[in-house]
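This report refers to the structure that appears directly beneath it.
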Amino acid sequence: MPGPRIAPVTHGPAATTADIPKLEGDAAKAVAHRDSHIQIIAAAGSGKTEVVSQRVASLLIDGETPESIVAFTFTEKAASELKERIRERVTARMGAEATDQLGRLFVGTIHAYCFRMLQTYVPRYETYTPLDANQLTNFLYQQSRFIGITDLTPTDGTFKNIATFQRGIDVIENELIDVAALPAGAFKAAVQEYYATLDRYQFMSFGTQIVRAVEALTDPEVHATVTTPLRHLIVDEYQDVNPAQERLVGLLAKPEGNADVVVVGDDDQAIYQWRGSSVENIVTFADRHRDVAQFKLLTNRRSRPGIVEVANSFAQTIPGRIDKQMLPFREADGPSVALSRDPGSEFDAADEIARQILDFRAKGLAYRDIAILVRGRAAYPALIDTLEKAGIPVQAGGRSGLFAQPEPQVFGATYAWISDIDWTAVKYGARQPTTLKQLLDDYAAAFDLSDEMRPRLSTHLEAWKTRALASDFNESLVRDFYALMGLLGVNNWDLSDELTRNRLGTIARFTTVLADYEGISWRSRKDPVNPGEQVGGRSGGAWFYKNLAILMTNYAVSNYDDFAGEDGHLDDGVSLGTVHGSKGLEWPVVFLPSLVKTRFPSNMSGRSQDFPADLLGRFDRQRYEGTDADERRLFYVAITRARDAVLLSSFSRMNGGKNRAASPYYDEVVNAYNQAGAPSSATSKGSSSDTDLAITYSELAAFESCPRSYLLKNELGFMPTIQQELGYGNAVHHTMRVLAERTQATGTAPTTQQVNQLLDSEFFLPYANKAGHKEMRNKARKLVMRYVNEHSSDLLRTWATERPFELYLDGAVISGRADVIYDHQDGKVERLAIVDYKTSTGGQIDPLQLQIYTEAGRREGLDVGAAFVHDLGAEKRFDVEIDTKSIRQAEEQIIATVDSLRRREFEPKPDRTKCRACDVRRICSAAPRQ
């Protein structure tokens with residue numbers, strides 16, 4: 000029988016004093032309803048997050064367990080906001096002990112849920128790496144010849160073929176088209192080889208994550224395991240799910256699954272049809288499911304009445320919408336809608352926007368409270384140039400066109416010069432050769448170089464070019480880039496200055512371009528001829544650099560500017576981005592510039608796109624190509640991002656003097672709204688530092704190790720360099736996890752043959768060549784076999800692997816995963832021991848991680864009686880102190896570290912050994928000079 004469990008030292012923060020709104024009408028009914036699917040039509044700014052969070056709290060009060068509830072959000076930012084709101088409501092209504100259970104509640108994107116599900120229930124996916132859209136294009140470019148993409152339409156160029164093929168893959172995945180059912184031919188063969196190649200390299204695209212998750216759920220055992228505990232599924236932004244995501248929801252929800260589903264959305268805000276979403280999902284939901292309870296949230300609590308009036312008026316022009324009318328909640332405070340048709344050029348209109356921003360700033364509004372939202376990238380150059388001249392900082396975290404800014408332009412030109420490739424930083428610009436003199440002039444302008452620096456830079460660039468073209472292997476683009484930054488004196492920049500930090504963010508984003516390319520180039524693949532072995536990638540030589548330059552000028556210049564709806568770092572800067580990127584966000588002041596004909600609505604909407612011929616007739620082509628209705632919904636979304644003021648503007652002349660007509664949407668607003676005027680009142684929304692800080696233990700440890708390094712890497716985004724041994728620890732961890740799970744399932748310790756077979760099939764190092772992989776696999780074999788021989792009894796006590804934990808402290812939520820947990824510690828039933836595997840410790844350990852997991856587990860009700868770090872290399876276990884005093888000291892240390900991070904204290908902690916191994920030492924002023 001289990002003995003008395005060890006109690007936690009503390010509990011989470013006391014009940015929040017936040018003002019919890021009392022819901023009425025349909026909002027209250029949506030919280031209280033049970034035992035059927037629910038459709039919530041939530042107008043912009045109508046408080047859907049509050050309704051969902053109170054519903055989750057209500058379900059928990061009813062006795063539902065946290066793991067029985069799953070909530071899908073459109074972005075990670077929306078997920079963190081919803082999770083925090085749930086935490087506040089649960090704490091207020093149920094107390095801190097209930098809050099301590101919320102680590103088992105999933106709130107996140109559909110993609111995150113699918114990837115976690117695959118890694119949990121299909122272990123081979125644990126070593127797979129997700130690819131974002133830019134990384135996937137890198138992969139397709141480098142593999143296009145082998146997959147057969149370039150042969151699909153030989154008369155088209157490589158990048159046009161890639162775009163058409165990728166469009167076809169998107170359709171196949173979004174619509175769940177059976178590849179086997181495609182007609183035999185070049186396209187089908189290329190698709191099959193594409194998926195086989197992804198598996199060889201252990202990659203997975205976002206679309207593939209959904210498809211593989213749906214496939215996994217067709218396995219009755221996996222389906223039962225996933226759906227049995229799941230009783231309540233919430234899907235936010237339901238109007239933007241595609242058919243594959245809809246199928247996933249169907250497998251989880253009744254009648255196929257076990258969950259009542261709540262879909263939340265607004266057909267007026269369906270803006271992702273070009274990604275395969277269908278507004279019909281939400282419009283027809285009640286027709287496709289039995290006994291659906293329908294509720295409407297129509298009171299806009301975000302925007303001033305004038306903004307609501309303009310949005311309502313414009314929404315009436317959207318065809319096929321659900322009939323509804325937003326209601327205002329806030330009081331008017333002067334004009335909230337401004338309309339301006341500048342008689343001059345685009346630059347004249349941009350000057351006026353800059354003047355108005357400075358005026359808002361003078362009245363006390365922070366730059367971060369202001370957004371400039373555009374339909375497409377054509378509007379960027381004039382805005383970026385004008386804002387820079389006016390000294391107005393712009394958020395650098397993916398909110399504007401990367402290659403519209405001067406530093407990335409000269410960086411791109413440098414790689415083109417190294418490779419003797421003609422260069423342009425504009426998608427359809429005229430490409431021209433780059434000379435060394437032009438480069439030096441551009442660097443001098445962008446970095447304010449002295450006359451003495453020019454010859455030094457010239458020598459560096461010429462030596463770099465010679466070395467690069469003569470290289471054969473092991474070239475590191477990121478490392479060489481950091482050497483260039485060191486020469487340019489970036490390490491001496493003043494990091495306390497907001498403009499400088501935003502500029503550094505821009506430079507950091509360029510390292511993503513390099514890291515994406517070399518991350519694909521270096522990637523190893525499984526050897527199809529020799530099972531258990533792998534073949535290394537390539538880096539170096541003339542074509543390595545030439546392909547990088549070709550990829551930059553044909554693709555990167557127009558694609559590294561996406562804004563995924565995530566907040567950047569907390570520095571004060573105007574948000575500049577696309578309307579699509581503003582999904583789920585809001586600002587006190589929103590500028591909608593460049594409202595001219597062909598830009599909004601976009602002249603690309605409705606234009607015929609190239610799709611593989613073998614797919615035609617198998618999907619709704621018009622949905623992907625767009626309609627005027629889609630553009631109208633996008634314009635509606637743009638208007639409703641504003642809280643206090645929305646400023647719509649157009650211009651009258653092209654830069655050459657030719658007249659430019661206003662957007663028809665702009666004209667419609669002008670004709671329908673007669674109360675426009677200069678907004679005189681706007682209130683700051685405050686800083687996100689006011690909310691709890693959600694952070695992983697790894698991130699916390701990185702900040703504690705060196706706050707300056709954390710700023711450069713985690714906040715600004717400077718990328719790490721690649722090393723062959725990267726992933727060794729993860730590969731060993733994966734092996735140990737699979738061994739533990741198999742031992743748990745079979746009740747017997749693995750044999751030597753089983754360990755060898757496991758290592759041959761599962762041990763994957765993403766960047767190691769054949770020889771390096773063999774060496775490290777043999778090293779891992781010795782570590783694992785020694786553990787199995789000496790600790791097989793521990794494997795038989797496996798209780799859980801990769802167990803997630805969350806620890807709630809005052810002002811912070813710390814999350815992480817324990818490698819393995821053993822039962823029957825000290826011979827007691829349900830007494831647990833948490834173990835962290837290390838391939839090497841050097842004789843020193845950090846106890847903080849396991850102390851966090853111990854306290855989090857005890858708060859959940861687990862009886863954690865021991866914790867230790869197991870050094871597999873030294874075959875030594877280090878006990879971690881988890882007594883009351885040690886846990887209390889650990890929590891105090893975490894709170895102090897979090898407070899320092901909140902105060903943005905990024906003072907360096909230089910240490911010669913540590914700095915020597917740091918990737919960003921060349922751009923850090925505190926790093927000891929070599």
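Residue 0 is where the sequence shown starts when you use numbering that gives the first Met the number 0, and the numbers rise one by one after that. Backbone N, C-alpha and C define an ideal beta-carbon position, used for all residues, glycine too. All figures in this text were calculated on a predicted structure; none of them were measured in a lab.
The Cβ-Cβ distance between Glu-66 and Pro-219 does not fall below 8 Å. Tyr-481 and Val-919 do touch by the CB rule: their CB atoms are close to 7 Å apart, below 8 Å.
When only Cα atoms are considered, Lys-323 and Val-307 end up about 13 Å apart. Rounded to whole angstroms, the Cβ separation of Asn-137 and Ile-519 is 4 Å, and the two are in contact under 8 Å.
Within the same chain, Thr-734, Val-737 and Leu-738 come within 7 Å of Leu-757 by CB-CB distance, once the 5 residues on both sides are set aside.
Within its own chain, the residues whose Cβ lies closer than 6 Å to the Cβ of Glu-174, once the five positions on either side in sequence are excluded, are Pro-242 and Phe-618, listed in chain order. The alpha helix (DSSP H) runs lying completely inside the region 443-519 and spanning 4 residues or more are 452-469 and 476-486, given in chain order.
A distance below 6 Å between beta-carbons, with the five flanking residues on each side excluded, links Pro-342 to the following residues of its chain, in chain order: Ser-651. Three or more beta-carbon pairs separated by less than 8 Å link the region 548-555 to the region 408-418, which places the two stretches in contact.
Thr-207 has its alpha-carbon roughly 31 Å from the corresponding atom of Arg-289. Within the region 64-103, the complete beta strand (DSSP E) segments at least 3 residues long are 68-72, listed from N- to C-terminus. Put simply, of Asp-822, Asp-910 and Asp-882 the residue whose alpha carbon is nearest the alpha carbon of Thr-9 is Asp-882.
Secondary structure note for Pro-342: its beta strand (DSSP E) is the uninterrupted segment 336-344.
The shortest CA-to-CA distance from Thr-720 to any of Asp-266, Ala-916 and Gln-674 is the one to Ala-916. Non-local beta-carbon contacts of Phe-717 in its own chain, meaning distances under 6 Å to residues more than five positions away in sequence, involve Ala-507, Thr-510, Leu-711 and Val-919 in chain order. Where Thr-797 is concerned, there is no enclosing alpha helix (DSSP H), although the beta strand (DSSP E) around it starts and stops at 797-808. Exclusion of the five residues before and after Tyr-237 leaves Val-262, Val-263, Gly-264, Asn-280 and Ile-281 as the residues of its chain whose Cβ lies within less than 7 Å of its Cβ. Shown here, Ala-628 sits in a helix according to DSSP, grouped into three states. Its chain contains Asp-571 as the residues whose beta carbon lies nearer than 6 Å to that of Arg-367, once the 5 sequence neighbours on both sides are disregarded; these appear in chain order. Counting C-beta atoms within 10 angstroms of its own C-beta, Phe-73 has 16 or more neighbours from the protein chains shown and is therefore classed as buried.
The straight-line gap separating the alpha-carbon atoms of Pro-592 and Leu-647 is approximately 6 Å. The continuous stretches of alpha helix (DSSP H) do not include Tyr-836, which lies in the beta strand (DSSP E) extending over residues 830-837. Runs of the beta strand (DSSP E) lying entirely within the region 268-349, each at least 3 residues long, are 292-296 and 336-344 in chain order. Counting every other CB atom within 10 Å of its CB across the protein chains shown gives Ile-391 a total of 16 or more, marking it as buried. The shortest C-alpha to C-alpha distance from Ala-403 to any of Arg-902, Leu-900, Ala-555 and Tyr-544 is the one to Ala-555.
Secondary structure remark: continuous beta strand (DSSP E) runs of at least 3 residues inside the region 102-128, in chain order: 105-108.
For His-222, the secondary structure class from DSSP, reduced to helix, strand or coil, is helix.
Under a 10 Å Cβ-count criterion, Thr-154 is classified as exposed, with fewer than 16 other Cβ atoms of the shown protein chains found around its own Cβ. By a beta-carbon distance limit of 8 Å, Phe-610 contacts Arg-620. Their separation comes to about 7 Å. Taking all protein chains in view, the Cβ of Gly-305 is crowded by 16 or more other Cβ atoms within 10 Å, so the residue is classified as buried. In the three-state reduction of the DSSP assignment, Trp-521 falls in the coil class. If you draw a straight line from the Cα of Glu-49 to the Cα of Ala-70, it comes to about 14 Å.
Contact check between the region 656-663 and the region 291-301: fewer than three CB pairs, one atom from each, fall below 8 Å, which does not count as touching. The straight-line gap separating the alpha-carbon atoms of Ala-415 and Ser-457 is approximately 16 Å.
Relative to Arg-537, the option among Arg-92, Gln-142 and Gly-655 whose CA is nearest is Gln-142. In this structure, the beta-carbon distance from Glu-75 to Gly-46 does not fall below 8 Å.
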